[in-house]
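Per this note's numbering, the very first residue in the sequence shown carries number 6; after that it's consecutive.
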Amino acid sequence: MSRRKHLTPQQIKFAQLIVYNEGRKTATDCAVDSGYAKDRARSTASELQNPNYYPLVVQEINRLRKEVNEKYRVSLETHMRDLDEIKRIALEAGSYSAAVQAEVARGKAGGLYIEQKIIKHGRIDQLSPDEIRKELEEIANQFKPKIIEGKAEEVTEH
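What follows is the structure in structure tokens.
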């Protein structure tokens, strides 16, 4: 148990390893990598994360987590800026497909695109040939180009 008023270098290293390796290393591994005895690493890691035993270590872990969260926080502004930077670099490199994808992602983030998915239940093999033809005609009519009929005249200016 600790009654110290400051953290030891070993405790600081443990706090850093816990935060910077979150999801990649266990607390036990972080304790071992910090120089704690391997045979007590699991218990030590648990104690170091317990505010009743080591409140200063827990405070340091929380401070570092807050710092990391602020650094990697995503906002619409930073997201848009980063996508614009990715697009610019892709254009400079001649990667037009990547540039277009970055610009589309910016548009989606900015709310310029609305993605609509409609899921209909039923199977085409349950329809009769006439019903299939009717459905296909309806789909074709939805996407039919507008045709304007008329005569073309050539106009010459004097």
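Note that CB positions come from ideal geometry on N, CA and C, so glycine has one too.
| Item | Value |
| --- | --- |
| My guess is that Leu69 and Gln16 are in contact by the Cβ rule of under 8 Å, so how many angstroms apart are they, rounded? | So it is not a contact: roughly 12 Å between Cβ atoms. |
| Determine the DSSP secondary structure at Asn57, reduced to helix, strand or coil. | coil |
| So what's Lys149 in DSSP terms, helix, strand or just coil? | coil |
| Counting along the chain, where does the alpha helix (DSSP H) carrying Gly109 start and finish? | For clarity, residue 109 is Val in the given sequence; the question names Gly instead. Here the alpha helix (DSSP H) through Val109 covers Tyr101 to Ala114. |
| Just confirm the distance between the C-beta atoms of Ala32 and Gln64, as a whole number of angstroms; I'd bet it's less than 8 Å. | Incorrect: roughly 17 Å between the Cβ atoms, too far for contact. |
| So what does DSSP say about Glu90, is it helix, strand or coil? | helix |
| Using the Cβ count rule (16 or more neighbours within 10 Å means buried), how would you classify Thr83? | exposed |
| Could you tell me whether the region 134-141 touches the region 108-122, where touching means 3 or more Cβ pairs closer than 8 Å? | no |
| Where does the unbroken alpha helix (DSSP H) through Tyr77 begin, and where does it stop? | Tyr77 -> no alpha helix (DSSP H), and no H or E assigned at all. |
| Rounded to the nearest angstrom, how far is the Cβ of Glu108 from that of Lys92, given a contact under 8 Å? | 5 Å |
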